[in-house]
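Asker: Residue numbers (the working numbering): 65 to 123.
Glycine included, C-beta positions come from ideal geometry on N, C-alpha and C.
All of these numbers come straight from a predicted model, not from anything done at the bench.
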Ligand SMILES: [Zn+2]
């Protein structure tokens, strides 16, 4: 199943998106910097946005 990203938002270099996985909303925070491989999934949107806001990019 291809995830469908909704509410994509950029916070600094990190993109936050909401998608549906197995009938539940999941929230992804992923850094777009070329040499940074940070990405994580969260159960709540505020948690994902907080992670994006506090991400310290090493790239
Ligand atoms: Zn980063």
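#1: Which runs of the beta strand (DSSP E) fall wholly inside the segment 67-92 and span at least 3 residues, in chain order?
#2: Which term fits residue 129, buried or exposed, when burial requires 16 or more other beta carbons within 10 angstroms of its beta carbon?
#3: Compute the beta-carbon to beta-carbon distance between residue 72 and residue 112, rounded to the nearest angstrom, for a pair I have assumed lies under 8 Å.
#4: When you compare each of 104, 106, 98, 69 to residue 77 by their alpha carbons, which one comes out closest?
#5: In this structure, what does DSSP give as the bridge partners for residue 113?
Answerer: So, to answer that:
#1: 70-75, 78-85
#2: No information on residue 129 is available, as it lies outside the stretch 65 to 123 that the chain covers here.
#3: Translated into the one-based positions of the chain shown, residue 72 becomes position 8. Translated into the one-based positions of the chain shown, residue 112 becomes position 48. 11 Å between Cβ atoms; not a contact.
#4: The sequence position of residue 77 within the chain shown is 13, counting from 1. Of the candidates 104, 106, 98, 69, the one whose C-alpha sits nearest the C-alpha of residue 77 is 98.
#5: Translated into the one-based positions of the chain shown, residue 113 becomes position 49. Its beta-bridge partners do not exist; DSSP assigns none.
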